[in-house]
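Residue 383 in the numbering used here sits at position 335 of the sequence shown, and the numbers go up by one each step.
Built from N, CA and C at the ideal position, the CB exists for glycine as well.
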Amino acid sequence: MVGGLCLSATVWAHGEADDVLPAEAGVSVDAAIALRTLRADQPLPSEPLNGYLLLGDAGHDLRKEPLEHAALGLSARFNDTWGARLAVGQHASDDVHVEAAWLQARHDGDDAAWLLTFGRQRPALGPVLGAAGHLDRFGPVPLAQRMAVNGDWVDDGAQLSWRADRGARQWRADLALWRGQAFPGAQHGAVAPGLHLGLDQGLWSIDGLWAQFRPDGRGSAIQPALGHSHNAPICDSALREVVCFRGRSDVLAASVRWQGAQSAQAWPITLSAAGWIRSETGTLESVNGLVDYRGRSTGGWLEALWQIHPRWELGWRGERLMADHAIDGAGASLIMAETRLNVYQSATRQTLMLGMRASEQVDVRVEAGRESAAGVSVNFAALRVLVKLQALLSP
């Protein structure tokens, strides 16, 4: 888990592939936008994702939301040690929000780099988990990522990062403390520790992460409101139209990627697998009772990409999501209904994608798929346009 930069160069200096700061002292600006048109007979059931104890919102009707995501960022490197970034973004019809506002100190050695990043940032998850759901090759956020961290994971905190080149192996490690307000945390609760470890060797990239949240009142709305929410409904003494979770939430994730293009045969195929687990123990409370709760949700995906031409790629992603909930106490059946855990069924999604690189800045992608959740199955098709721009403002 853990925010800031995810670097993977074989020579340690500024300007690695995933370093958003300028290679030399200066300022750069970047912008990205993803637009879509999606066709389906009804809203996708993955938006509310009933049966997995999220925030209780109904999510977006993607058929009516042409803006998938837009972001604007400003990055500055002051000298060899200090740098900073500020970025704002918008998802669909949500309000504009701050996605990054951090200050970073960095020290480079001969074969390793240390980074200390303070502020609002995305956790570093590695190349597979970090790319999923955020201006991704595929449009819908992976079901497992929606379940584990409510889609897009941004939090305030401090992260100590280490990147090292050991010949054929490139190591990465991130240790962090988060404010713990991002899902599955809440506005009130303890700070959230996190650890991310990763390794690149030859054709393979492997990453794993752990984070622990202790929300003291994470709300789940009883009556779904339209629009996706990143903030838990308020848990107060009145418990108006809300079920509140108090307890411990452990998040685990892992991924592996194999890149055939780097093999001796130069196969134009990339294969990856990823998974998330959210395990929770505590209580659920509403006006109808207070019950003990234990839940474990597990999900992941397999993905295959085929570079059929320098400008064209064909992709497939298969996803599955499962959960196990145990509730004990007075009012258990009512709370099951209020949280919609009573409609739980395993969720699946299959997606085919054809992408074209129209230019260095523009991708055009067509995808078709089918997803099922909470007993509802929907076929969908989408056309997406992704634009990414970056410019150096000063040398």
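With contacts defined by Cβ atoms closer than 8 Å, Thr346 and Asp340 do not form a contacting pair. Contact between the segment 345-360 and the segment 65-77 is not established, with fewer than three Cβ pairs separated by less than 8 Å. C-alpha of Ser394 to C-alpha of Glu367: approximately 11 Å in a straight line.
In the three-state scheme derived from DSSP, where H, G and I count as helix and E and B as strand, Gln260 is classed as strand.
Judged by DSSP in its simplified three-state form, Gln249 adopts strand. Residue environment analysis places Ala224 among the buried positions, since at least 16 neighbouring C-beta atoms fall within 10 angstroms of its C-beta. Our two residues, Leu319 and Arg305, have alpha carbons roughly 6 Å apart in a direct line. Here Gln313 carries a coil assignment [DSSP, helix/strand/coil]. For Leu382, the closest of Gly337, Val391 and Ala153 by C-alpha to C-alpha distance is Gly337. As the crow flies, the alpha-carbon of Gly107 is around 14 Å from that of Ile270. Rounded to the nearest whole angstrom, the CA to CA distance from Leu183 to Trp360 is 18 Å. With a cut-off of 8 Å on Cβ pairs, the segment 95-112 is not in contact with the segment 156-171, counting fewer than three such pairs. It is roughly 14 Å from the alpha-carbon of Ala312 to the alpha-carbon of Trp252. Counting along the chain, the unbroken beta strand (DSSP E) around Arg305 starts and ends at Val290 to Gln307. DSSP places Ala196 in no beta strand (DSSP E) but in the uninterrupted alpha helix (DSSP H) bounded by Leu191 to Val197. Rounded to whole angstroms, the gap between the alpha carbons of Gly377 and Asp264 is 19 Å. Just so you know, the alpha carbons of Ala374 and Glu328 end up roughly 10 Å apart.
Taken in chain order, the complete beta strand (DSSP E) segments of 3 or more residues contained in the segment 333-385 are 337-357 and 360-376. When beta bridges are read from the DSSP output, Trp201 appears opposite no residue. Taking Ala238 as the centre and dropping the five residues before and after it, the same chain places the C-beta of Gly228 and Arg262 closer than 7 Å to its C-beta, in chain order.
Note that the C-beta distance between Arg418 and Gln398 is below 8 Å. When only Cα atoms are considered, Leu440 and Val75 end up about 6 Å apart. Listed as beta-bridge partners of Ile325 by DSSP are Leu300 and Thr346.
One thing to note: Pro190 has its Cβ within 8 Å of the Cβ of Gly181. Annotation: the continuous beta strand (DSSP E) that includes Ala135 extends over Trp130 to Gln138. DSSP places Gln229 in no beta strand (DSSP E); its state is neither H nor E. In this structure, Arg266 places its C-beta atom within 8 Å of the C-beta atom of Ala234. Check the Cα spacing between Ile317 and each of Trp364, His244 and Arg294: the tightest is with Trp364. Here Asn98 carries a coil assignment [DSSP, helix/strand/coil]. The alpha-carbon of Gly403 is positioned some 12 Å away from that of Ala430.
Annotation: Asp128 to Ala206 spans about 20 Å, alpha carbon to alpha carbon. With contacts defined as CB atoms closer than 8 Å, Leu369 and Ala301 fail to qualify as a contacting pair.
The beta carbon of Leu151 lies closer than 8 Å to those of Trp130, Gly131, Ala132, Thr165, Phe166 and Gly167 in the same chain, with the five residues before and after it left out. About 6 Å separates the beta carbons of Ala421 and Ser94, which is inside the 8 Å limit, making them a contact pair.
DSSP, read as helix, strand or coil, puts Arg185 in coil. No residue range can be given for Thr387, since it is assigned to no beta strand (DSSP E) and is classified by DSSP as neither H nor E.
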